[in-house]
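First up is the structure itself, then whatever we jot down about it.
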Amino acid sequence: MRSETDVVVIGAGMGGLAAAIGAAAAGLRVTVVEAGDAPGGKARAVPTPGGPADTGPTVLTMRHVLDALFAACGTRTDEHLTLIPLPRLARHFWPDGSSLDLFTDTEANIEAIRAFAGDKEAAAFRRFDRLSLGLWEAFHASVIAAPKPDLLRIAAATVTRPQLWPALRPGLTMRDLLGATFKDPRLAQLFGRYATYVGGRPGATPAVLSLIWQAEVQGVWAIREGMHGVAAALARVAETKGVRFHYGAKAKRIVRKEGRVTAVEIETGASIPCNACIFNGDPGALRDGLLGDAARASMEKTARPDPSLSAWVWAFGATPIGVDLAHHNVFFTADPELEFGPIGAGEMPEEPTLYICAQDREMAAPVPEIERFEIIMNGPAGHQPFPQEEAQCRARTFPMLAAMGLTFSPDPDSKALTTPALLSRRFPGSLGAIYGGSPEGTLATFRRPLARTGLKGLYLAGGERTRVPGCPWR
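FYI, the numbering for the sequence shown is 1 to 474, going by full-length UniProt numbering.
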């Protein structure tokens with residue numbers, strides 16, 4: 001039987017857009033329903049005096065994934081977006097006044113670290129870089145690019161690489177591995193930061209995820225149109241493949257008949273008959289029954305993972321004063337325990353590390369007087385606001401930056417702040433987690449749900465299925 005629509009995709013986030021394009025390229029008739037007024041999901045922007053500022057992911061890696069989506073629509077990425085390769089990955093700052101730039105070039109990194117911390121630490125970095133590359137090569141096909149983790153391929157890829165075995169010891173964390181690799185605590189802190197790229201704390205995330213460094217060092221691109229512009233471009237090319245989009249259309253129920261998906265109802269009362277549904281949202285929404293009993297029952301055999309980190313996010317336009325910023329910047333706390341200790345206890349960090357995306361820097365164009373910024377402070381997931389949240393977040397953000405020499409004119413107002421509780425409301429079932437399920441724990445990767453659910457015709461895209469960052473939040 002064929003209905004007017006073969007597949008309904010719920011949610012026009014990045015996963016939903018990719019799924020819609022893939023299904024349309026396979027010859028299926030696709031309809032996307034999206035509760036918001038534009039595509040993108042977490043890849044959204046807010047208006048500022050300097051133009052729309054991203055308030056979600058800011059880093060594009062693994063460009064080949066994006067290129068494949070445009071190719072599936074018979075076109076090329078460069079015909080729709082201006083991608084600018086960034087030789088400098090990020091500029092890093094510490095409270096003691098030291099700073100370090102890292103690059104996509106290995107030898108440039110070795111020389112930068114030699115000047116920063118000496119010959120022994122440069123040699124330690126070379127060992128770490130080789131180890132992370134070996135982990136990337138061993139786990140890419142069997143985990144990162146696989147529909148589900150393949151234990152046999154993992155074993156085959158690692159058994160012949162004894163140099164990787166120390167990093168695979170159960171219970172070994174990124175903090176453990178990096179503490180044994182680097183004597184300079186600043187370098188251990190820097191590379192431990194990559195745990196947060198998939199929503200974990202360095203002291204609880206498995207050491208094997210040090211491979212995330214390779215996802216970035218193999219290439220990072222800035223996007224002139226912004227991350228929200230990527231979503232808009234993907235939606236446009238999806239339409240050329242016949243994909244139909246309905247915005248302001250919130251899904252209410254996934255309908256089951258005779259053991260399979262037969263329709264998706266939306267809150268207006270309309271029903272869209274279909275043969276399959278792809279849910280691009282957090283699976284927690286299905287478990288909570290937010291899309292009906294049939295969808296909830298489809299998840300009964302999958303455990304709800306712990307949520308990943310969330311964040312407080314400032315997105316605003318201003319003029320920066322006092323520090324020469326790159327496109328990507330990290331301002332480290334002097335004591336990581338004052339960040340990750342409170343987060344682990346469900347509290348706002350006492351002394352956070354702050355990531356700043358200066359969205360108009362290194363864009364092959366003059367920097368405007370009013371620039372667009374996104375500042376991210378990691379925090380715990382949760383759906384309840386913290387007491388005096390905006391004031392506390394402001395007090396932990398801007399005085400710390402001022403102490404390190406950076407101020408903004410003007411300071412952002414309260415409307416510029418996105419909180420974990422707001423993210424929880426905006427993305428039901430997520431508890432505000434911005435990376436899906438937590439990567440913490442030896443078996444976390446193997447506990448993530450697969451694309452196929454317990455209901456015939458219902459599939460998952462996004463949310464807890466996230467394994468590694470293709471466009472991570474810093």
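The C-beta atom is built at its ideal place from N, Cα and C for all residues, glycine as well. Just so it is clear, the structure is predicted and the values come from calculations on it, not from any experiment.
By alpha-carbon distance to Ala222, the top candidate from Ala303, Pro87, Gln384 and Gly41 is Pro87.
For Gly379, the three-state secondary structure derived from DSSP is strand. Contact check between the stretch 46-64 and the stretch 19-31: fewer than three CB pairs, one atom from each, fall below 8 Å, which does not count as touching. For Thr240, the uninterrupted alpha helix (DSSP H) run begins and ends at Met227 to Thr240, by DSSP. Pairwise C-beta distances place the stretch 312-327 in contact with the stretch 401-415, as three or more of them are shorter than 8 Å. For Ser210, the secondary structure class from DSSP, reduced to helix, strand or coil, is helix. The stretch 231-251 makes no contact with the stretch 429-437: fewer than 3 CB pairs, one atom from each, lie closer than 8 Å. Bounds of any alpha helix (DSSP H) do not take in Phe386, whose DSSP letter is neither H nor E. For Pro39, the closest alpha carbon among the candidates Pro47, Gly229 and Phe427 is that of Gly229. Put simply, of Arg126, Phe331, Gly432 and Lys252 the residue whose alpha carbon is nearest the alpha carbon of Gln384 is Gly432. Inclusion of Ser310 and Pro420 in the CB contact set at 9 Å is warranted, their separation being smaller than that value. The C-beta distance from Thr106 to Asp129 rounds to 6 Å, short enough to fall under 8 Å. Rounded to the nearest whole angstrom, the C-alpha separation of Trp213 and Tyr194 is 7 Å. Taking 3 residues as the minimum length, the beta strand (DSSP E) runs contained wholly in the stretch 98-161 are 99-103, in order along the chain. Residue environment analysis places Thr268 among the exposed positions, since fewer than 16 neighbouring C-beta atoms fall within 10 angstroms of its C-beta.
Counting of Cβ neighbours within 10 angstroms places Phe446 among the exposed residues, the total staying below 16. DSSP places His328 within a strand segment (E or B) once states are collapsed to three. Excluding sequence positions up to five before and after Thr353, its CB lies within less than 6 Å of the CB of Phe332, Thr333 and Glu339, all in the same chain and listed in chain order. The beta carbon of Ile254 sits closer than 7 Å to those of Val261, Val264, Cys277, Leu291, Gly292, Ala294, Ala295 and Leu458, all from its chain and outside the five residues before and after it, given in chain order. The residue among Leu69, Arg287 and Glu216 with its C-alpha nearest the C-alpha of Ala23 is Leu69.
A Cβ-Cβ distance of about 4 Å is found for the pair Thr58 and Cys357, placing them in contact under the 8 Å criterion. The beta carbons of Leu209 and Gly192 sit about 10 Å from each other, so the pair does not count as a contact at 8 Å.
Between Glu347 and Met400, the C-beta gap is not smaller than 9 Å, which leaves the two residues out of contact. DSSP places Phe191 inside the alpha helix (DSSP H), whose first and last residues are Pro185 to Gly192. Here Ser298 is buried. Its C-beta has 16 or more other C-beta atoms within 10 Å.
Close CB contacts of Glu121 within its chain, under the 8 Å cut and outside five residues either way in sequence, are with Ile113, Arg114, Phe182, Lys183, Asp184 and Leu187 (chain order). Rounded to whole angstroms, the separation of the alpha carbons of Lys252 and Leu100 is 50 Å. Per the C-alpha coordinates, the member of Met377, Leu450 and Ala451 positioned closest to Thr418 is Met377. Sequence-distant partners of Ala138 (beyond 5 residues in either direction) whose C-beta falls short of 8 Å from its own C-beta, in its chain, are Ile154, Ala157, Thr158, Arg161 and Leu164. Secondary structure at Ala20: helix, using DSSP grouped into helix, strand and coil. Separation of Gly199 and Ala403 (C-alpha to C-alpha, rounded to the nearest whole angstrom) is 27 Å. Cβ contact annotation for Trp314 (same chain, cutoff 6 Å, sequence separation greater than five): Ile375, Pro412, Ala416 and Leu417, in chain order. DSSP lists Thr319 as the bridge partner or partners of Ser409. A straight line joining the alpha-carbon of Ala124 with that of Ser98 spans about 19 Å. Exclusion of the five residues before and after Thr196 leaves Leu309 and Asn378 as the residues of its chain whose Cβ lies within less than 7 Å of its Cβ. In the DSSP annotation of this structure, Ala433 is not part of any beta strand (DSSP E), being labelled neither H nor E.
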